[in-house]
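Residue 985 in the working numbering sits at position 229 of the sequence shown, with consecutive numbering throughout. The C-beta atom is built at its ideal place from N, Cα and C for all residues, glycine as well. Worksheet: the structure to be examined is printed underneath.
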Amino acid sequence: MKLEVKNISKTYSNGFRALTNFSIDIETGVLGLLGPNGAGKSTLMRILSTISTMTEGQVLLNDIDITQNPNYVRGMLGYLPQSFGVYPNLTAEEFLRYIATLKGLEKSEINTRVDELLTLVNLQDSKDRAVGGFSGGMKQRVGIAQALLNDPKLLIVDEPTVGLDPEERARFRNLIAELSGDRIVILSTHIVSDVEATASDIAVINAGENVTTTSPEDLLKSVTGKVHETVVQQDGFADIREKYIVSSMIRRSDGIHVRIVTDEAPDNSKTVIPSLEDAYLYTIETHRSNHV
Ligand SMILES: Nc1ncnc2c1ncn2[C@@H]1O[C@H](COP(=O)(O)OP(=O)(O)OP(=O)(O)O)[C@@H](O)[C@H]1O
Ligand SMILES: [Mg+2]
757 MKLEVKNISK TYSNGFRALT NFSIDIETGV LGLLGPNGAG KSTLMRILST
807 ISTMTEGQVL LNDIDITQNP NYVRGMLGYL PQSFGVYPNL TAEEFLRYIA
857 TLKGLEKSEI NTRVDELLTL VNLQDSKDRA VGGFSGGMKQ RVGIAQALLN
907 DPKLLIVDEP TVGLDPEERA RFRNLIAELS GDRIVILSTH IVSDVEATAS
957 DIAVINAGEN VTTTSPEDLL KSVTGKVHET VVQQDGFADI REKYIVSSMI
1007 RRSDGIHVRI VTDEAPDNSK TVIPSLEDAY LYTIETHRSN HV
C-alpha cells in the first residue's frame, strides 16, 4: 500500500485556504496526524476519503489517481468522519448491518462480521438498544465499528477517541495496534498520547501546511536538552508564560512547577526528560513564530 499526496491545496468556496502545497508519502503502518484546531486535518482526510476534492495537486493510491478513480479508493476505504451521524431509531446491530449492506458485504458474512465488531468495540451488551439513546462515547464506538466493517486496507479515522473514557481510549489504542498487515491507517488527533505508542510516523500539520513528517523517536529527539522545569510563585508565572512555551504546570505547596520547552533555559531550572507532547508543542510554536 502506498499513498502519495503531491502538493495539494484546498481553497473553500468562501476563499479560505485550508491546505497549502501539502505533500506526504504514506506507506503501510499507522500515521498520526497531529495539529491544532483549524490546522486542516479534517480537510485533508475528507480529500483522501474522496468526500471532498482538492483545488490543486494530486493524490495517488498505489499509483492510481484518486480523483479520476474515486471508486478504487472507496472499495478499500474505512472512514470515520469527525462528526459522525447515526440513524437514531436503529439499534447498534441494525445500524451496522445496514452499513454492511451498503458497503456490499456478502449476506453470509454480515452476521459474523457485525457480531465480531460489536465485541471489538465492547457494545455486545447494548446491541439491541437504539443508537439515538447512546452516550457520545458509545456512538463514537459505533462509528469505529462501521469504519472497520469491510476490513479496510485504507482506514481514515478523524479524532476517533473524542468522547471516549480512559478505559475505552486504551482499548481503541490496542485495537489500532492490532490492525497490522498490509494496511494504511491515518488517525488525526490533538491528543499526543493517542498516537505515541501506535504511530509508525507522525505528521505535524499547522495552518494548512505539513510542518514535518517524522518518526515518533525523531520528533522526540528534536527537543533533547530543551525541556526544563522551574518553580515560580504566582506573580512570576505570567512572565514565564510570556517568554516560553509552557508544556504543563502543576500547583504544589512550594509554588507552581512549570515545564517549558526552550533553547535557553532560565536560571534556577532543571533539565527534564522530554515527552512527545513537548516535542509537538515545540514544533507547532516554532512553525507559528516563523509565520508571523
Ligand atoms: N466548508 C468550509 N468552508 C470554509 N472554510 C472551511 C470549511 N471547512 C473547514 N474550513 C476551514 O478550514 C480550516 C481547516 O479546517 P479543518 O476542519 O480541516 O481543521 P481541523 O484540523 O480538522 O480542526 P479541528 O481540530 O478543529 O477538527 C479551518 O479554518 C476551517 O474554519
Ligand atoms: Mg477536524
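Closest option to residue 1028, judged by alpha-carbon separation, among 934, 896, 850, 986: 986.
Taking each of 992, 1034, 966 in turn and checking the Cα distance to residue 797, the smallest one comes out for 966. Judged by beta-carbon spacing, residue 906 lies beyond the 8 Å limit of residue 858, meaning their Cβ atoms are not closer than that value. Shortest gap from the CB of residue 838 to any heavy atom of ligand 2: under 7 Å.
Excluding residues up to 5 positions away in sequence, 892, 893, 896 lie with their Cβ nearer than 7 Å to the Cβ of residue 919 in the same chain. Under the 10 Å beta carbon count, residue 820 is surrounded by fewer than 16 other beta carbons and is classified as exposed.
Counting C-beta pairs closer than 8 Å gives fewer than three between the region 1001-1021 and the region 932-950, which falls short of the contact rule. In this structure, the alpha-carbon of residue 806 lies about 6 Å from that of residue 826.
Your pair residue 960 and residue 968 checks out as a contact, with CB atoms roughly 5 Å apart and the cut at 8 Å. Residue 839 and residue 915 have their alpha carbons spaced roughly 9 Å apart. Classified as buried, residue 962 has 16 or more neighbouring CB atoms from the shown chains inside 10 Å of its CB.
As for any alpha helix (DSSP H) of minimum length 4 sitting wholly inside the region 929-961, the runs are 949-952, ordered along the chain.
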